[in-house]
Amino acid sequence: MERARTNVAVVGYGYWGAHHVRVLNRIPGVSVTVVEIDSDRSRDAADIYPAIRCVTSLDEVLADVDCVVVATPPHEHYSVALKALRSKKHVLVEKPFTTSVESANRLVATADSANVHVMAGHTFEYHTAAQKLRSIISSGELGRILYIDSARLGLGKYQSDIDVVWDLAPHDVSIISFLLGGEQPTSVSAWTRSNIAGQPIDLAYLRLDFERTDAVAFINVSWISPVKVRRVTVVGDRKMAVYDYLSTIEPIRIYETNVEVCATSLDVMRSEQSVKYNSDGVVSPMIPFIEPLISQDTHFISCVKTGMRPSTPGEDGVANVRVLAGLEVAHRSGQRVALTGEE
Numbered sequence: 001m002e003r004a005r006t007n008v009a010v011v012g013y014g015y016w017g018a019h020h021v022r023v024l025n026r027i028p029g030v031s032v033t034v035v036e037i038d039s040d041r042s043r044d045a046a047d048i049y050p051a052i053r054c055v056t057s058l059d060e061v062l063a064d065v066d067c068v069v070v071a072t073p074p075h076e077h078y079s080v081a082l083k084a085l086r087s088k089k090h091v092l093v094e095k096p097f098t099t100s101v102e103s104a105n106r107l108v109a110t111a112d113s114a115n116v117h118v119m120a121g122h123t124f125e126y127h128t129a130a131q132k133l134r135s136i137i138s139s140g141e142l143g144r145i146l147y148i149d150s151a152r153l154g155l156g157k158y159q160s161d162i163d164v165v166w167d168l169a170p171h172d173v174s175i176i177s178f179l180l181g182g183e184q185p186t187s188v189s190a191w192t193r194s195n196i197a198g199q200p201i202d203l204a205y206l207r208l209d210f211e212r213t214d215a216v217a218f219i220n221v222s223w224i225s226p227v228k229v230r231r232v233t234v235v236g237d238r239k240m241a242v243y244d245y246l247s248t249i250e251p252i253r254i255y256e257t258n259v260e261v262c263a264t265s266l267d268v269m270r271s272e273q274s275v276k277y278n279s280d281g282v283v284s285p286m287i288p289f290i291e292p293l294i295s296q297d298t299h300f301i302s303c304v305k306t307g308m309r310p311s312t313p314g315e316d317g318v319a320n321v322r323v324l325a326g327l328e329v330a331h332r333s334g335q336r337v338a339l340t341g342e343e
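Written out as structure tokens, the structure is:
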């Protein structure tokens, strides 16, 4: 007896939508429909995937699908996801989850009422290297985490409805929280700049403070860098680690390096000799590479089929948007902003 197929609509065939279609089309037992209003993009999808149905409105297929992937421009995430949830469809929403905390909370509440799942597209939490680094941190191998530094840099792409913080930082905010065992920052601050007249903010330096671990995280995001960088550095008081998303060979390097204070006398501590630098080499754990989007979308389909709760549920999307909204207030005010969890 042939098993029932899972029918999924991917709304939006832009950068991320095209990748979702590519991945979902490879999952056994999944049928994909592309919803794209732009005729050129719809034609591109039809040329690449002749067997896939392409339509211009979600209303045309909503009754026929089991779940929906929302990969539209961010300002449309809420309305598209809400329509699908109200029709009792499971939904995966690309980052940023929404553009306000209020709308993010409403999506979660609607999903609960409809008894369906809404999942946040925090793709890099499904990266095998990120999962390995989280395990290393939680084991205590790095010691107490002093700070995390994350860089996500590249050339473009400028967008009309969001700035570089809302475009790129959702990944870093989610990864940092993931590495710290799910802890959310208690305060944030931001420095931002628009380098091209008439364009959104394209460069930002962000700070996240964590109360429980007493860690601090710094995020640098840019649309105006000549080199593509996707890197997280985690500094502990015993060891340090560098996680490079772009490396499929050695994505994690553990530096057996630390700084040791050798004396407690105030006079001695003021001298350079009071600090000892220890470095015993670098270790790169073997980590099999699996495309994170494949892992994420396969997990989403499993949740649709089994009713299992997603690893990145809508509540994670709410928390992520709360941080982004706090960062927006911080850069507008120039002040540090406390996050109460009730914004």
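Be aware that the sequence shown starts at 1, since it is given in the UniProt record's numbering, and climbs by one per residue.
Ideal Cβ positions, reconstructed from N, Cα and C, are used throughout, including at glycine.
The model shown is predicted, which means the values in this text are computed figures rather than measured ones.
query: For the pair the segment 182–200 and the segment 253–262, tell me if three or more CB-CB distances fall below 8 angstroms.; result: no
query: Using three-state DSSP, classify residue 124 as helix, strand or coil.; result: helix
query: Is the beta carbon of residue 108 closer than 8 angstroms to that of residue 314?; result: yes
query: Given 8 angstroms as the limit, is there contact between the segment 146–156 and the segment 224–236, that is, 3 or more CB pairs closer than that?; result: yes
query: Identify which residue in 155, 104, 170 and 105 has its Cα closest to the Cα of residue 226.; result: 155
query: Could you check if residue 246 is buried or exposed, using at least 16 other CB atoms within 10 Å of its CB as the buried criterion?; result: exposed
query: Have a look at residue 159 and residue 200 and give me their C-alpha separation to the nearest angstrom.; result: 8 angstroms
query: Tell me which residue opens and which closes the alpha helix (DSSP H) that residue 17 is part of.; result: 15–24
query: Run the CB neighbour count on residue 222, radius 10 Å, all protein chains shown included, and call it buried at 16 or more, exposed below.; result: buried
query: On the DSSP bridge assignment, give the partners of residue 230 in chain order.; result: 152
query: Which runs of the beta strand (DSSP E), 3 residues or longer, sit entirely within the segment 235–321?; result: 240–244, 252–261 and 275–283
query: Which partner residues does residue 218 have in the DSSP bridge list?; result: 149 and 207
query: Would residue 128 and residue 294 be called neighbours here (beta carbons separated by less than 8 angstroms)?; result: no
query: Quick one: measure Cβ to Cβ for residue 259 and residue 101, integer angstroms, because I've assumed they're closer than 8 angstroms.; result: That belief does not hold up - the Cβ atoms of residue 259 and residue 101 are roughly 39 angstroms apart, past 8 angstroms.
query: Distance check for residue 282 and residue 87, CA to CA, integer angstroms please.; result: 52 angstroms
query: Can you check whether the CB of residue 169 is closer than 8 angstroms to the CB of residue 133?; result: no
query: Taking the DSSP output, what are the residues bridged to residue 175?; result: In DSSP, residue 175 forms no bridge with anything.
query: Given this structure, state the Cα-to-Cα distance separating residue 67 from residue 276, to the nearest angstrom.; result: 57 angstroms
query: Can you give me the C-alpha to C-alpha distance between residue 340 and residue 43, rounded to a whole angstrom?; result: 46 angstroms
query: Just to confirm, is the Cβ distance from residue 204 to residue 190 under 8 angstroms?; result: yes
query: Using three-state DSSP, classify residue 90 as helix, strand or coil.; result: strand
query: Taking the alpha carbon of residue 83 as the point to measure from, which residue in 57, 39 and 336 has its own alpha carbon closest?; result: 57
query: In the DSSP assignment, find the alpha helix (DSSP H) that holds residue 108 and state where it starts and stops.; result: 101–114
query: To the nearest angstrom, how far is the alpha carbon of residue 9 from that of residue 142?; result: 43 angstroms
query: From this set, 250, 123, 12 and 106, which residue's C-alpha is nearest residue 311's C-alpha?; result: 123
query: Kindly list the residues whose CB is nearer than 6 angstroms to the CB of residue 193, restricted to its own chain and excluding five residues on each side of it in sequence; keep chain order.; result: 203
query: Taking its Cβ as the centre, do 16 or more other Cβ atoms sit within 10 Å of residue 290, making it buried, or is it exposed?; result: exposed
query: Measuring only the C-alpha atoms, how far is residue 121 from residue 22?; result: 16 angstroms
query: Look at the alpha carbon of residue 41 and the alpha carbon of residue 13, and state the distance between them as a whole number of angstroms.; result: 6 angstroms
query: Can you have a look at residue 195 and say buried or exposed, based on whether 16 or more other CB atoms are within 10 angstroms of its CB?; result: exposed
query: Sorted by chain position, which residues of the same chain lie with C-beta nearer than 7 angstroms to residue 116's C-beta, five sequence neighbours on each side aside?; result: 85, 88, 89 and 90
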